[in-house]
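Heads up: the structure comes next, in C-alpha cells.
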Amino acid sequence: MTSLLIIDDEEKISAVLARMLTKDGYEVARTTNPAEGVRLFTERHFDVILCDLRMPEMSGIDVLDAARRHAPSADFVVMTAYASVSTAVESMKKGALDYLIKPFAVDELRLLLKRIEETRGLREENIRLREVIGETYRLENFIAQSPMMQNVLARSRKVASSDASVLLRGESGTGKEVLAKAIHAMSRRASGPLVIVNCGAVPENLLESEFFGHIKGSFTGAIDNRKGMFETAHGGSIFLDEIGEVPLHLQVKLLRVLQEGEIQRVGESTPVRVDVRIIAATNRNLEQDVEEGVFRQDLYYRLNVIPIQLPSLRDRREDIAPLIEHFLRKFSPGGTPPRVPPDMLHLLLGYSYPGNIRELENAIEHAVVLGDGEQLTVDDLPLQIQSAQWGEMPPTNSRGTPEFSSAGGAGATRNTGGATLEEMEKRAMLTALESTRYNHTRAAALLGITRRTLGYRIQKYGLTEIVEENIRRHREGRG
7 MTSLLIIDDE
17 EKISAVLARM
27 LTKDGYEVAR
37 TTNPAEGVRL
47 FTERHFDVIL
57 CDLRMPEMSG
67 IDVLDAARRH
77 APSADFVVMT
87 AYASVSTAVE
97 SMKKGALDYL
107 IKPFAVDELR
117 LLLKRIEETR
127 GLREENIRLR
137 EVIGETYRLE
147 NFIAQSPMMQ
157 NVLARSRKVA
167 SSDASVLLRG
177 ESGTGKEVLA
187 KAIHAMSRRA
197 SGPLVIVNCG
207 AVPENLLESE
217 FFGHIKGSFT
227 GAIDNRKGMF
237 ETAHGGSIFL
247 DEIGEVPLHL
257 QVKLLRVLQE
267 GEIQRVGEST
277 PVRVDVRIIA
287 ATNRNLEQDV
297 EEGVFRQDLY
307 YRLNVIPIQL
317 PSLRDRREDI
327 APLIEHFLRK
337 FSPGGTPPRV
347 PPDMLHLLLG
357 YSYPGNIREL
367 ENAIEHAVVL
377 GDGEQLTVDD
387 LPLQIQSAQW
397 GEMPPTNSRG
407 TPEFSSAGGA
417 GATRNTGGAT
427 LEEMEKRAML
437 TALESTRYNH
447 TRAAALLGIT
457 RRTLGYRIQK
467 YGLTEIVEEN
477 IRRHREGRG
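As C-alpha cells, this is what we get:
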C-alpha cells in the first residue's frame with residue numbers, strides 16, 4: 007500500500023484529500039503544521055509527500071529542503087494557489103517531482119498518483135536488476151586462470167573506483183562489453199545507468215542524434231524531442247563500443263563531452279550539462295588511425311587515459327577448459343551437463359578461435375543443442391571447428407570452396423602443424439559460407455563474429471571474387 011503525507015495549513019482541504027485518498031486505498035497521514043510534517047517524515051517512511059507551497063510558519067520550499075535531507079526516497083509534490091513560473095522552477099530545481107495548481111480536479115490528483123506508483127515500481131525493479139547485474143558482473147565471477155587475464159582484472163579493480171576514461175582494446179569476442187559492465191558495477195556510479203552504444207551498428211547519418219539527441223523538426227523524421235544516449239547516461243556510465251568507427255566530424259563533439267562535460271542536441275544551440283563516465287572499446291589500431299588522419303589525436307589521448315588490453319582466447323589457453331565447463335552448465339539449465347570426450351576436448355583446446363570467447367560460447371551452445379545423449383561428439387561442433395582437424399587446407403573445388411573426403415571425418419586425428427593461422431581462418435570462413443549457402447548473416451553467426459567482421463576478412467584474404475561467384479551460383483540454382 008502506498009503511504010502518503012499531506013501537509014496543508016487549510017484544514018478543510020487537508021481533510022477532504024485525506025478522506026478521498028483513504029477511500030482510494032492509500033495509507034494517509036495529514037497535518038496542518040509544516041514543522042509537524044517534517045517531524046512525521048523524519049520518523050516514518052512515506053512514499054509520497056503532498057505539500058502546500060505557502061504556509062505561515064514554514065514555506066513548502068523549506069519543507070522540501072528538509073525532505074531531501076531526511077526523506078530522500080519520498081516523491082514530493084507541491085500544491086499551491088499561487089502558481090508562477092519562478093516558484094515552479096524553484097521547486098523542481100530543489101527536487102519536487104511535480105506541481106499541482108489549486109483548485110485541481112480530483113481525477114488530476116489520482117492520475118498523478120497513479121503515474122508516481124508506476125514510476126516507483128519501475129525504479130524498484132531497476133534497483134533489483136542492478137543488484138542482479140552487479141552480482142553477475144563481479145570480477146570474482148570472471149574465469150581468469152591465465153596470468154594475462156588476472157592482470158586485466160587487477161587493473162580493472164583499480165580503475166573502477168575512479169572517473170577516468172577507460173579504453174578497452176582487444177579482438178572481437180574477447181569480452182570487452184562484459185568487462186565494461188563489471189567496471190561500471192564496481193564503480194561509485196553503479197546505482198546510475200550504464201548505456202551501451204555500438205558505434206559501428208548505427209548509421210552514420212543517425213549517430214549524432216543517437217549520441218546527443220535532437221529537437222522536434224531538426225531533421226526529416228524528427229517528429230518529437232528526443233534525449234540522446236549521453237543524457238540518458240547522466241549520473242552513470244556510457245560504453246562506446248567500436249569507438250574507431252565514429253566519423254571525424256563527430257569526434258570533435260565527443261571531445262567536447264570529455265573536456266567540457268556538455269552536449270548539444272541536434273537542432274539546438276543551448277548546451278546541456280552531463281555527468282557521465284566514458285568507457286570506450288575498439289579492435290582497431292587507433293594509433294595507426296591517428297597517423298592516417300582518420301582518428302583525432304586529441305580525442306585518442308582523452309579516451310586512452312587508462313588502456314586495458316584484453317588477450318585473445320588463443321593467448322589465454324589456460325582458460326579454455328574452465329570456459330567450456332561454464333558454457334556447458336549455462337546451456338544445460340536444470341539438468342546435468344553432457345560430457346565432452348577426450349578427442350573433442352583436444353580439438354577445442356587446440357583450436358585458434360578467431361572469434362574468441364564468443365565463438366567458443368556459440369560452439370558449445372551448438373554442440374549442446376545438437377547433441378544426443380549424455381556425451382557430446384566432435385560431430386556436434388560447428389563445421390569450422392571440425393575442419394580444424396586437418397593439418398593443411400583441404401582441397402578446394404573449381405568454385406574455391408572446401409571439399410572434404412571421408413578420410414577427414416569426425417574421428418580424424420587433429421594436426422594443425424602445416425596450416426598457418428591465415429589458412430585456418432580462410433578455411434573456417436569458406437566452410438561456414440558454404441554450409442549456409444553464402445548467407446553472410448548466418449555464416450557470421452556460425453563463426454561467432456559480426457557480419458561486418460566477416461566482410462572485412464573476406465576482403466582481407468582476397469576471397470571477394472570467389473564469394474561473389476558462389477553467391478551468383480546459388481542464386482542461379484547451380485549450387
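Residue 7 is where the sequence shown starts when you use the numbering used here, and the numbers rise one by one after that.
The beta-carbon is built from N, C-alpha and C at its ideal position, and this holds for glycine as well.
Cα-Cα separation, residue i to residue j
i, j, result
"Ile284", "His190", "10 Å"
"Pro277", "Ile269", "6 Å"
"Arg463", "Met192", "36 Å"
"Thr419", "Leu354", "Confidence at Thr419 is low in this model, with a pLDDT of 34, below 50, so the placement of that residue should be treated as unreliable; the coordinate-derived value is given next. When rounded, the distance between both Cα atoms is 13 Å."
"Asp325", "Pro348", "17 Å"
"Ala450", "Arg457", "5 Å"
"Arg50", "Ile149", "45 Å"
"His220", "His255", "17 Å"
"Arg2", "Gln294", "The displayed coordinates of the chain run from 7 to 485. Any statement about residue 2 would go beyond what the structure contains."
"Ala286", "Ile312", "10 Å"
"Leu520", "Leu261", "Residue 520 is absent from the structure shown; the chain starts at 7 and stops at 485."
"Ala160", "Val282", "23 Å"
"Ala207", "Thr288", "13 Å"
"Met155", "Arg322", "7 Å"
"Val112", "Ile244", "41 Å"
"Gln4", "Arg320", "Residue 4 falls outside the range modelled here, since the chain spans only 7 to 485, and no answer is possible."
"Ala77", "Arg45", "11 Å"
"Asp230", "Lys120", "25 Å"
"Pro368", "Phe337", "First, the amino acid is wrong: residue 368 is Asn here, not Pro. When rounded, the distance between both Cα atoms is 10 Å."
"Glu16", "Pro62", "11 Å"
Residues bridged to residue i [DSSP beta-bridge criterion]
i, result
"Ile314", "Leu174"
"Ile284", "Ile244"
"His220", "Arg232, Val272"
"Met85", "Asp58, Leu106"
"Gln381", "Arg345"
"Arg279", "Glu268"
Cβ shell of residue i (< 8 Å), same chain only, five flanking positions each side left out
i, result
"Ile477", "Tyr444"
"Gln265", "Arg308"
"Lys259", "Glu214, Phe217, Phe218, Ile269, Gln270"
"His332", "Ile149"
"Phe225", "Ser215, Val272, Gly273"
"Phe32", "Reading off the sequence shown, one finds Tyr at residue 32, where the question assumed Phe. The residues are Met7, Thr8, Ser9, Leu10, Leu119."
Residues of its chain near residue i, where Cβ-Cβ distance is below 7 Å and the 5 sequence neighbours each way are ignored
i, result
"Val296", "Gln303, Tyr306"
"Val384", "Asp349, Met350, Leu353, Gln392, Ala416"
"Ala434", "Pro360, Gln390, Ser393, Leu453"
"Gly181", "Leu316, Ile363"
"Arg290", "Gly250"
"Lys108", "Met85, Thr86, Ala87"
Terminal residues of the alpha helix (DSSP H) in which residue i lies
i, result
"Ile13", "From DSSP, Ile13 is part of no alpha helix (DSSP H) but of the beta strand (DSSP E) over 9 to 13."
"Phe47", "40 to 49"
"Ala260", "One point to set straight first is that residue 260 is Leu, not Ala, in the sequence displayed. Taken as a continuous stretch (DSSP letters only), the alpha helix (DSSP H) holding Leu260 covers 254 to 266."
"Phe333", "326 to 336"
"Asp349", "348 to 356"
"Ala186", "182 to 192"
"Ser20", "17 to 29"
"Thr470", "470 to 481"
"Leu309", "303 to 309"
"Val296", "292 to 297"
"Ile391", "389 to 392"
"Arg161", "153 to 166"
"Thr459", "457 to 466"
Chain-order list of residues whose beta-carbon lies under 6 Å from that of residue i (same chain, five-residue window excluded)
i, result
"Thr459", "Ser178"
"Pro253", "Glu210"
"Leu4", "Any question about residue 4 goes unanswered here, given that the chain covers just 7 to 485."
"Lys233", "Gly219"
"Thr437", "Leu389, Gln390, Ser393, Pro408"
"Thr447", "Arg457"
"Arg74", "Gly101"
Min CB distance residue i to chain B below 8 Å
i, result
"Glu274", "Judged by its chain identifiers, the structure shown contains no chain B, having just a single protein chain."
Delimiting residues of the beta strand (DSSP E) encompassing residue i
i, result
"Thr37", "33 to 37"
"Leu200", "200 to 204"
Supposed contact pair residue j and residue i - C-beta distance, whole angstroms, cut 8 Å
i, j, result
"Ile202", "Asp169", "Between Asp169 and Ile202 the Cβ distance is about 18 Å, and since that is not below 8 Å, they are no contact."
"His372", "Pro388", "5 Å"
"Cys57", "Met26", "The Cβ separation is near 17 Å, so there is no contact."
"Asp81", "Leu103", "5 Å"
"Val69", "Pro40", "5 Å"
"Ser20", "Thr48", "Not really, about 19 Å apart at Cβ, beyond 8 Å."
"Leu329", "Leu366", "6 Å"
"Ile314", "Leu200", "Incorrect: roughly 17 Å between the Cβ atoms, too far for contact."
"Ser97", "Ile67", "6 Å"
"Leu334", "Val374", "7 Å"
"Gly127", "Gly198", "No, Gly127 and Gly198 are not in contact; Cβ-Cβ is about 19 Å, not under 8 Å."
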